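In the working numbering, the protein residues as written are 182 to 572.
Quick reminder that beta carbons are idealized off the backbone N, C-alpha and C, glycines included.
Quick caveat, the model's predicted, so the values are computed rather than measured.
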Ligand SMILES: Nc1nc2c(ncn2[C@@H]2O[C@H](COP(=O)(O)OP(=O)(O)OP(=O)(O)O)[C@@H](O)[C@H]2O)c(=O)[nH]1
Ligand SMILES: [Mg+2]
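So this is what it looks like as structure tokens:
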């Protein structure tokens, strides 16, 4: 996509990436833009950079307001709890209604469109977990290209741990869902785990380039990748390749990484007549890609499932830790990705636990007897209690 950028542009991109503060970054990005030739092949890139500049400007403005002790509309919602889940959807689908039913947030619910004008959070307790639910302002066609609240809404989605894509069954649900999908795609947010992935981690000066190919490079070699990065004067980075990846995919990743966010579809207003047909249409359109949960914020049908559906969507497990000399485990669980091992957990708790790990004792429902002594590669499951012993 970035199609043959001139060398000065590449150099400028590198300067922008290593800028130390938002103000400097904006300056470099503006200079970068002026060096990018204007044609069809660079259209997406230019739009992307403009979005980036707009987000940075909001960030600066918000910091200033905060310093001055002033309130005003919020742009970023600071994460709280075990996961942050953003509700996305067209206006009037019932986002505020859902938020107010699940959490203690004070929000305005109204039959008039565009009532919610800033990301609004609330806490949703599910068993012993706390999900922070954020209602983003309404999404609409063109949000990604800077439509009203568009930047805010998509920045909130990108910053989240998971998404609730909400549609209104009193209207054409397929049309609403397609609009959401299109906007997310333009903002480079995927709701399905991508088969191929490029991850670029910048490293301190002197570390050099490291290319880790876990998948396969298509139409190029590691040498080509090296050369590409040299072109951008990126000398210190680790590039991880998963799945089948082309050199264009890698160049795209230099500009903006594609984010993956788990999602489920909330089909609201099942109390309207004839919604079974609409749910069927939506199901055949969405296919196996995403789970659809029909609900009604009016009659409260289906809402009882939301906690477990969000938990499933996040692909996490809860693990309780116990200190060797204590009788009871921690009350609050650690949340960690499904499939994690004891060593992953140790790393999460503290580097000491990781570096000086000796063995662990584990209490688990699935074991014939508990506790059992296990090694670092033992795979954890939801509800396990772990006691780590150090050397
Ligand atoms: N019949 C019915 N009406 C609903 C349901 N959920 C929400 N509504 C109504 O739909 C209208 C819009 O609801 P809101 O929760 O304000 O919608 P929103 O998505 O937050 O809309 P904006 O913030 O204005 O973009 C209100 O009149 C709600 O009472 C439902 O399940 N059934
Ligand atoms: Mg609202």
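7 angstroms Cβ shell around residue i - same chain, five flanking residues per side excluded
| i | result |
| --- | --- |
| residue 562 | 498, 545, 547 |
| residue 258 | 300, 302, 315, 337 |
| residue 185 | none |
| residue 192 | 414 |
| residue 557 | 522, 523, 524, 538 |
| residue 484 | 282, 476 |
Reduced DSSP secondary structure (H/G/I, E/B, other) of residue i
| i | result |
| --- | --- |
| residue 187 | coil |
| residue 449 | strand |
| residue 312 | strand |
| residue 352 | coil |
| residue 380 | strand |
| residue 395 | coil |
| residue 402 | coil |
| residue 192 | helix |
| residue 499 | strand |
| residue 474 | strand |
| residue 291 | coil |
| residue 461 | helix |
| residue 296 | coil |
| residue 480 | coil |
| residue 509 | coil |
| residue 504 | coil |
| residue 412 | helix |
| residue 488 | helix |
| residue 320 | coil |
| residue 276 | helix |
| residue 267 | strand |
| residue 421 | strand |
| residue 331 | helix |
| residue 286 | coil |
| residue 182 | Residue placement at residue 182 cannot be trusted, given a pLDDT of 49 that sits under 50; what the coordinates show is reported in the next sentence. Residue state, collapsed to three classes: coil. |
Beta-carbon gap between residue i and residue j smaller than 8 angstroms
| i | j | result |
| --- | --- | --- |
| residue 269 | residue 371 | no |
| residue 271 | residue 415 | no |
| residue 342 | residue 311 | no |
| residue 467 | residue 447 | no |
| residue 424 | residue 383 | no |
| residue 410 | residue 229 | no |
| residue 234 | residue 211 | yes |
| residue 611 | residue 431 | There is simply no residue 611 to check, as the chain begins at 182 and stops at 572 in what is shown. |
| residue 243 | residue 313 | no |
| residue 492 | residue 307 | yes |
| residue 320 | residue 478 | no |
| residue 236 | residue 227 | no |
| residue 187 | residue 241 | no |
| residue 386 | residue 317 | no |
| residue 508 | residue 517 | no |
| residue 279 | residue 286 | no |
Residues near residue i by beta carbon distance below 6 angstroms, same chain, minus five either side
| i | result |
| --- | --- |
| residue 511 | 501, 502 |
| residue 346 | 269, 361, 444, 446 |
| residue 376 | 424 |
| residue 196 | 209 |
| residue 555 | 541, 543 |
| residue 388 | 417 |
| residue 553 | 543 |
| residue 214 | 230 |
| residue 456 | 350 |
Residue i versus the options, residue with shortest Cα-Cα distance
| i | options | result |
| --- | --- | --- |
| residue 426 | 328, 402, 419 | 402 |
| residue 199 | 392, 377, 417, 514 | 417 |
| residue 293 | 274, 367, 284, 195 | 274 |
| residue 635 | 217, 290, 373, 354 | Lying before the first or after the last residue shown, residue 635 is absent from the chain, which here runs from 182 to 572. |
| residue 324 | 408, 362, 484, 429 | 362 |
| residue 351 | 369, 450, 207 | 450 |
| residue 368 | 261, 232, 380 | 232 |
| residue 309 | 407, 513, 390, 422 | 513 |
| residue 551 | 536, 568, 407 | 568 |
| residue 354 | 458, 187, 227 | 458 |
| residue 515 | 320, 505, 531 | 531 |
| residue 390 | 380, 405, 420 | 420 |
| residue 441 | 553, 365, 454, 320 | 365 |
| residue 520 | 506, 487, 559 | 559 |
| residue 438 | 529, 381, 489, 454 | 381 |
| residue 535 | 518, 507, 392, 571 | 571 |
| residue 238 | 250, 205, 249, 215 | 205 |
| residue 394 | 407, 465, 461 | 407 |
| residue 357 | 194, 322, 329 | 322 |
| residue 265 | 566, 304, 248, 526 | 304 |
| residue 189 | 331, 247, 412 | 412 |
Residues of its chain near residue i, where Cβ-Cβ distance is below 8 angstroms and the 5 sequence neighbours each way are ignored
| i | result |
| --- | --- |
| residue 289 | 277, 296, 297 |
Can you list, in chain order, the stretches of the alpha helix (DSSP H) that have 4 or more residues and sit fully within the segment 518-569?
Counting only runs of 4 or more, we get 523-530, 532-536.
What alpha helix (DSSP H) runs, 4 residues minimum, are completely inside the segment 199-265?
Within the segment 199-265, the complete alpha helix (DSSP H) runs of at least 4 residues are 203-216, 224-248.
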